[in-house]
Amino acid sequence: MRREPLRVGLIGCGNMAVGDHMPAYLELAPAVLLAAVADPTPERRELGRTEAGLPAADAHADALELIARSDIDMIDLCTPQHLRRDLAVAAAEAGKHILSEKPLATTPADAQAMVDAARANGVRLGIVHNYLFFAEVRRTLDLLAAGEVGPVEVAILDWLGCSDNPGAAAYRPGWRHDPRQAGGGVLMDMLHIVYLAEAFLGHPIERVSAWVDARSQDAPVEDLALARFETDRNVALVNVGWGRGPGGYAVSGPDGRIEVSYRDGGSGAFAPFERLEVHGLSGHFAETSLPAGDSIRSVIGDFIAAVRDGRDPIAPGEQGRHILDATLAVYASAATGRTVELPFPAGHPVHDYGVGGLRSLDLAPWSRIVRKRIFGVS
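For the sequence shown, the positions run 2 to 379 when the working numbering is used.
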């Protein structure tokens, strides 16, 4: 007997929603039906409605009005992250499953509230950690699981060639440079690389140390972040920046290494995959062609299957909270000059206020965050 499709309400009709999420839902039909959209900006709301092929009655200016609909099974949150907590809690209390764009929130306190609401109401909360579905990443993880390089010791991930893409012009194209809305700069925007680092290490991040900088004085957010993420047995070095710097990654162990490069030395997602090279137990080999796929469609498909099967998605809310902690720990370490242990406890300034809590820490006067007054810290 065919199951009825999951009926989805998509909140936030920004560039990612219209350009990536909506096409994925249309391709995943009939397992899922994009039934309604919401956005407070008339231009974006109308664009979302027409792209989804919906009647005017299914396009809402008020997201809570959409959440209250009894015919909606699942909410897809594509709003800026500072708006997600209240919407996710309302959706959970209304019995809706929730898929959220990353990061889950701007503060661990808000992220934890979302996790708690979902668990308390028996609904699934997933986060769009779609880089886990990149073909080269899946291949790397399979090789690591097969023991090709032995136990992973070090992962080095360079994403210094990230594009600083503006948001939708009809909303606020520069919102990712507002720490109150974005929660950080390039690293918060690209925390994809933080969860990739942890996936390659195969163990939870426990400690973080870092250096952060901006290219101009009084910059609202950082342009560069260089971080070390430690587990109880191995380490990752993550370098992320807006600009045209080098990209690619390498993972090594006592028996070999795996290296992935992108066209012209660029960064993944901003430059096409070029080569995966292995020096390992099976010898030396390279792969330049991997199965094509759509990472957003894959993560949405996994979430739909998780709801159907009564299991957690590949990246549940708890993982989103943990990766948010690790990302904010980069800023705290860079501001204080100290290694930061995870998680941030309740009551810690960064737990409660995100980057807004940095000014309450014991700051290092030589820190680039202090000297450049990044995030308004002085």
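Think of the CB as a built atom: it goes at the ideal place given N, C-alpha and C, for glycine as much as any other residue.
- Every beta strand (DSSP E) stretch that sits fully inside the segment 211-264 and reaches 3 residues is listed by chain position as 225-231, 236-243, 248-254 and 257-263.
- DSSP lists Arg258 and His285 as the beta-bridge partner residues of His280.
- Taking C-beta atoms as the reference points, Val241 and Met191 count as a pair closer than 8 Å.
- When DSSP assignments are scanned along the segment 153-197, the uninterrupted stretches of beta strand (DSSP E) that are 3 or more residues long and fall wholly within it turn out to be 155-163.
- Three or more Cβ pairs drawn from the segment 141-155 and the segment 254-268 lie within less than 8 Å of each other, which places the two stretches in contact.
- For Glu47, no pairing in a beta bridge is given by DSSP.
- Measuring C-alpha to C-alpha distances from Leu11 to each of Glu154, Pro81 and Gly49 identifies Gly49 as the nearest.
- Per the coordinates, the alpha-carbon of Asp63 lies some 19 Å from the alpha-carbon of Met23.
- The residues Gly249, Glu275 and Arg276, in chain order, have a CB closer than 7 Å to that of Ser262 in the same chain once the five nearest residues on each side in sequence are set aside.
- Between Met75 and His98, the C-beta gap is smaller than 8 Å, which places the two residues in contact.
- Judged by DSSP secondary structure, Leu126 falls outside any alpha helix (DSSP H) and instead within the beta strand (DSSP E) spanning Leu126 to Ile128.
- Counting only residues of its own chain and dropping the five nearest sequence neighbours on each side, Ala37 has a CB closer than 6 Å to the CB of Gly10, Asp59 and Leu67.
- Under the criterion of beta carbons closer than 8 Å, Leu158 and Leu126 do not qualify as touching, at roughly 26 Å.
- The beta carbon of Pro292 sits closer than 7 Å to those of Ala136, all from its chain and outside the five residues before and after it, given in chain order.
- Between the C-alpha atoms of Tyr26 and Pro81 there is a straight-line separation of about 20 Å.
- In this structure Glu342 is exposed. Its beta-carbon is surrounded by fewer than 16 other beta-carbon atoms within 10 angstroms.
- Shown here for Ser210: same chain residues with a beta carbon closer than 6 Å to its own, the five before and five after excluded, namely Arg229, Ser334 and Thr340 in chain order.
- In the assembly as shown, Arg234 is an exposed residue. Its beta-carbon has fewer than 16 other beta-carbons within 10 Å.
- As far as DSSP is concerned, Glu5 takes part in no beta bridge.
- Per DSSP, His204 lies in no alpha helix (DSSP H) segment and is marked neither H nor E.
- In the three-state reduction of the DSSP assignment, Phe376 falls in the helix class.
- Taking 4 residues as the shortest admissible run, the segment 39-93 contains the following complete alpha helix (DSSP H) segments, listed from N- to C-terminal end: 43-53 and 64-68.
- Where Leu100 is concerned, the enclosing beta strand (DSSP E) starts and stops at His98 to Ser101.
- In the three-state reduction of the DSSP assignment, Glu342 falls in the strand class.
- Beta-bridge partners assigned by DSSP to Phe274: Tyr263.
- When secondary structure is reduced to three states using DSSP, Val150 falls in the coil class, being assigned neither helix nor strand.
- In this structure Gln320 is buried. Its beta-carbon is surrounded by 16 or more other beta-carbon atoms within 10 angstroms.
- Inter-segment contact for the segment 177-193 and the segment 297-313 is absent: fewer than three beta-carbon pairs are separated by less than 8 Å.
- Straight through space, the alpha carbons of Ala251 and Leu144 are spaced by roughly 13 Å.
- Per DSSP, the beta bridge partners of Ala37 are Gly10.
- Under the DSSP definition of a beta bridge, Pro317 partners with Gly127.
- With a threshold of 16 other beta carbon atoms within 10 Å, Asn166 falls short and is exposed.
- Selection Lys103, Thr108 and Ala121 evaluated against Ala91 yields Ala121 as nearest (Cα-Cα).
- Boundaries of the alpha helix (DSSP H) around Ala307: Ser296 to Asp310.
- Between the alpha carbons of Met17 and Gly377 lies a gap of roughly 28 Å.
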